[in-house]
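**Student:**
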Amino acid sequence: MAAFRTVFRLCGFYRSHPQSCSAFKTSANPLQTLSQWSLPVACCSTVAPSSDLSVQYKHGRPVLALPLPSRQEKCLFYLKPMLSTVNDFIHDIQREDPGVLTASVLTTDGVRIASATSMDTLLNKGFQLCINGVVYNVQAASTETVPSEAVKSVSDIKDMVHMLHTALNLPEHHLVKERQLREKLDILKQELLPLEQMKVHLDVRAEHKASRALWVGLALLSVQGGALGWLTWWVYSWDIMEPVTYFITYSTSMGVYAYYVLTKQDYVYPDAKDRQFLHYFYKGVRKQKFNVEKYNTLKDELASVEDDLRRLRNPNQLQLPVEQIKPNSHAAVP
1 MAAFRTVFRL
11 CGFYRSHPQS
21 CSAFKTSANP
31 LQTLSQWSLP
41 VACCSTVAPS
51 SDLSVQYKHG
61 RPVLALPLPS
71 RQEKCLFYLK
81 PMLSTVNDFI
91 HDIQREDPGV
101 LTASVLTTDG
111 VRIASATSMD
121 TLLNKGFQLC
131 INGVVYNVQA
141 ASTETVPSEA
151 VKSVSDIKDM
161 VHMLHTALNL
171 PEHHLVKERQ
181 LREKLDILKQ
191 ELLPLEQMKV
201 HLDVRAEHKA
211 SRALWVGLAL
221 LSVQGGALGW
231 LTWWVYSWDI
241 MEPVTYFITY
251 STSMGVYAYY
261 VLTKQDYVYP
271 DAKDRQFLHY
281 FYKGVRKQKF
291 NVEKYNTLKD
301 ELASVEDDLR
311 RLRNPNQLQL
321 PVEQIKPNSH
331 AAVP
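As structure tokens, this is what we get:
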């Protein structure tokens, strides 16, 4: 456009100064002649000026807003200082814009940086980015501009590494843990097998004796009722037997009260039957020398191992505390 304006001005000057046309034609240096005429001459350059860019931190990660030559727009590149190199950064730029034919990273002095250099080293200070011959001066973010959430303490980094290690080795760890729990479960079952057989035998005998005691009590009450009826209607009269039945009823009430005083429980038939069962059971335990404490300890360990296996096989309950998981009921000797 500047050249066209110059031509138009020459044409105007020619019309207004026709006498100077011959001097312009015969002059050996036309530019000197133009300068003598005091004409404004404009020069244009095709070299694009360099631009200044800066690395910013967003959500704890360094971000570079880089203008793409083909799109004529800026694009955000999220950098990975610890995991990427200069070569990866250049490949990301070329992958985003196929119009990038040449790209290189230079120091502020113009020295080319190797492609294997880590981005963490590069971001510690400013550098130059040359894309298709256009040089961008990239300034590293200062320490004051880094947000607080981007700075991690040593404990946070350790926790993150532990979480990554757990996530990468979780399936293998589950298999190893399940195998250990299965082996422990088999050992506990083998130790419990003879105790379980002995306990089943003791349970059967105690149940039989408790049931027999109930039948004996029913038989005694039947004999008592029959004897009272025989004495009332065949031997004596009701006037004689009425005080006897009163004292028998009073004695029964005293017996029930004595049961409460000794056991601190009401005389309820199911509870009384259970107490009778335990009485015969522990009587057999002392006779057979059955180790009740060892049996209860093994049953508790077995229940704990089965709960761990159930949690390990159920992903929904794997992270739950044990208190929030309803355990299975395991029979133990009271």
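Counting in UniProt numbering, the sequence shown runs from 1 upward without gaps. Glycine included, every Cβ here is placed at the ideal spot set by N, Cα and C.
Is residue 118 helix, strand or coil by DSSP?
**Tutor:** In the sequence shown, counting from the first residue as 1, residue 118 sits at position 118. The answer is strand: DSSP assigns residue 118 an E or B state.
**Student:** Would DSSP call residue 147 helix, strand or coil?
**Tutor:** Mapped onto the sequence shown, residue 147 falls at position 147. Any reading at residue 147 must be qualified, since the residue scores a pLDDT of 46, below 50, and its modelled position is unreliable; no value is offered.
**Student:** So, for residue 85: in the same chain, excluding its five sequence neighbours on each side, which residues have a beta-carbon less than 7 Å away from its beta-carbon?
**Tutor:** Position 85 of the sequence shown holds residue 85. The answer, listed in chain order, is 115, 116, 117, 118 and 119.
**Student:** Taking the C-alpha atoms as reference points, what is the distance between residue 304 and residue 271?
**Tutor:** The count along the sequence shown starts at 1 and reaches residue 304 at position 304. The count along the sequence shown starts at 1 and reaches residue 271 at position 271. For residue 304 and residue 271, the distance between alpha carbons rounds to 30 Å.
**Student:** Helix, strand or coil for residue 80 per DSSP?
**Tutor:** Locating residue 80 in the sequence shown gives position 80, where the first residue counts as 1. DSSP places residue 80 in coil when its eight states are reduced to three.
**Student:** Under three-state DSSP, which class holds residue 71?
**Tutor:** The residue labelled residue 71 in the question sits at position 71 within the sequence shown. Correct three-state label for residue 71: coil.
**Student:** Return the CA-CA distance between residue 194 and residue 299, expressed in angstroms with no decimal places.
**Tutor:** Position 194 of the sequence shown, counted from the start, is the residue given in the question as residue 194. Position 299 of the sequence shown, counted from the start, is the residue given in the question as residue 299. Approximately 13 Å, taken between the alpha carbons.
**Student:** Identify, in the order they occur along the chain, each residue of the same chain with its Cβ nearer than 8 Å to the Cβ of residue 94, setting aside the five sequence neighbours on each side.
**Tutor:** As a first step, residue 94 must be located in the sequence shown, where it is residue number 94. Correct list, in chain order: 100 and 103.
**Student:** Take residue 302 and list the residues in its own chain whose beta-carbon comes closer than 8 Å to its own, dropping the five residues that flank it on each side.
**Tutor:** For this step, residue 302 is matched to residue 302 along the sequence shown. Closer than 8 Å at the Cβ level, and outside the excluded window around residue 302, lie 185, 188, 189, 192 and 330.
**Student:** Is it buried or exposed for residue 128, if we count other Cβ within 10 angstroms and need 16 for buried?
**Tutor:** Counting from one through the sequence shown, the residue named residue 128 turns up at place 128. Flag for residue 128 reads buried.
**Student:** With distances taken Cα to Cα, identify the nearest neighbour of residue 121 among 140, 240 and 227.
**Tutor:** By 1-based counting over the sequence shown, the position of residue 121 is 121. Per the Cα distances, 140.
**Student:** With DSSP collapsed to three states, give me the class of residue 123.
**Tutor:** Taking the first residue of the sequence shown as position 1, residue 123 is located at position 123. Residue state, collapsed to three classes: coil.
**Student:** Who does residue 137 pair with in a DSSP beta bridge?
**Tutor:** Indexing the sequence shown from 1 puts residue 137 at position 137. Paired residue(s): 52 and 128.
**Student:** Can you tell me which residues form a DSSP beta bridge with residue 65?
**Tutor:** Start at 1 with the first residue of the sequence shown, and residue 65 comes out as number 65. 76.
**Student:** When you compare only the Cα positions, how much space is there between residue 243 and residue 267?
**Tutor:** Residue 243 sits at position 243 when you count from the first residue of the sequence shown. Residue 267 sits at position 267 when you count from the first residue of the sequence shown. Residue 243 and residue 267: Cα-Cα distance of roughly 25 Å.
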